[in-house]
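Reviewing the structure listed below.
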Amino acid sequence: MGLLGCIAGFRDLASFERAAARARDLGCVGAPCIHPDQVPILNRVFSPSLEKFEDARRTVEAFEEGLRNGTASVSVGGAMVDTPVYRRAKHVLERAAAIAELETRKAERLTQLR
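Going by our numbering, the letters in the sequence shown line up with residues 1 to 114, in that order.
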């Protein structure tokens with residue numbers, strides 16, 4: 001977790017988003033914030049995109065089918081998929097599932113508070 005920038009300037013959301021994106025591009029998976037307006041930015045920046053999710057889903061399905069057929073590597077979209085690539089794809093799916101579960105719980109709690 002990290003952020004390449006200062007979170008104190010919480011009104012400059014464009015700078016905050018750029019800092020979060022740089023952190024993501026360098027491998028961070030989350031960042032702190034000090035204002036509620038920053039939360040949607042972090043959620044958007046650090047959540048897997050639909051494209052990344054779909055790529056991961058195809059990768060996992062193809063690799064697991066390969067294992068059922070007795071091979072430990074397959075080709076997906078012209079790229080080799082072996083165990084490390086499969087594990088990264090599984091992690092993307094697990095992260096997306098965890099985010100979806102959290103969002104569901106938040107929505108349920110908000111409904112209860114109304």
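Just so it is clear, CB atoms sit at the ideal spot from N, CA and C, and this is done for glycine as well.
- As the crow flies, the alpha-carbon of A19 is around 12 angstroms from that of G9.
- Beta-bridge partners assigned by DSSP to A31: none are found.
- Rounded to whole angstroms, the Cβ separation of K90 and V60 is 6 angstroms, and the two are in contact under 8 angstroms.
- For A79, the three-state secondary structure derived from DSSP is strand.
- A straight-line Cα-Cα distance of about 17 angstroms links R87 and G77.
- Excluding residues up to 5 positions away in sequence, I7, F10, L13, F16 lie with their Cβ nearer than 8 angstroms to the Cβ of Q38 in the same chain.
- Cα atoms of T111 and R24: separation of roughly 32 angstroms, rounded to the nearest angstrom.
- For I41, the enclosing alpha helix (DSSP H) covers residues 39-46.
- For D55, the enclosing alpha helix (DSSP H) covers residues 50-68.
- Residue range 13-25 is occupied by the alpha helix (DSSP H) that includes R24.
- In this structure, V92 lies near F53, with their beta-carbon atoms less than 8 angstroms apart.
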